[in-house]
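With this note's numbering applied, the sequence shown covers 3 to 95.
Yeah, the Cβ is synthetic: ideal placement off N, Cα and C, and Gly gets one too.
Every value quoted in this text rests on a predicted model; they were computed, and no experiment measured them.
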Amino acid sequence: MKIVIAGAGIGGAGTELTELSYHNHLGQRIWYEPRDRASDCDWRQLAVHRGVLQSILVDAVHDRLLAAFTQSCLDGYRLEDLPGGGGHLDALR
3 MKIVIAGAGI GGAGTELTEL SYHNHLGQRI WYEPRDRASD CDWRQLAVHR GVLQSILVDA
63 VHDRLLAAFT QSCLDGYRLE DLPGGGGHLD ALR
């Protein structure tokens, strides 16, 4: 399953990585390899803070649910948190 989030702003929220490197306790580089476009890849590799990424994903899901509910004549949705960390999503008609 391929997930595409168009216009989600992930590119603007992240930092492009140019290399991955490992250093010893003295700060001397032991190993490195280029990443992203520096390694002639066709795709970008970004570092995005987990909280920022989750906010972007929540906004994208909200936009998609809102569009789905509008098309199916639903009045809205209710997200109920369940004990133990789960949740339940109800469609409101």
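Cutoff 6 Å; reference residue i; Cβ partners in own chain excluding five residues on either side
i     : result
Leu22 : Glu35, Arg37
Met3  : For Met3, the predicted model reports a pLDDT of 40, less than 50, meaning its position is unreliable and no value from the coordinates is stated.
Ala40 : Thr20
Val54 : Ala15
Simplified DSSP state of residue i, which is helix, strand or coil
i     : result
His25 : strand
Leu59 : helix
Arg80 : strand
Glu18 : strand
Segment limits, alpha helix (DSSP H) that includes residue i
i     : result
Ala15 : 12 to 15
Element boundaries [beta strand (DSSP E), containing residue i]
i     : result
Trp33 : 31 to 36
C-alpha distance - residue i paired with residue j, whole-angstrom precision
i     : j     : result
Leu1  : Asn26 : Because the chain is modelled from 3 through 95, residue 1 falls outside the range shown and cannot be assessed.
Gly16 : Glu82 : 31 Å
Ala49 : Trp33 : 20 Å
Ala45 : Gly13 : In the sequence as presented, Ala is not what sits at residue 45; that position holds Trp. Using only the alpha carbons, I get a separation of about 12 Å.
Ala62 : Gly29 : 40 Å
Top-ranked residue by Cα proximity to residue i, from the options
i     : options                    : result
Asp42 : Gly14, Leu19, Ile32, Arg52 : Leu19
His64 : Arg80, Trp45, Val50        : Arg80
Chain-order list of residues whose beta-carbon lies under 8 Å from that of residue i (same chain, five-residue window excluded)
i     : result
Tyr24 : Arg31, Ile32, Trp33, Tyr34
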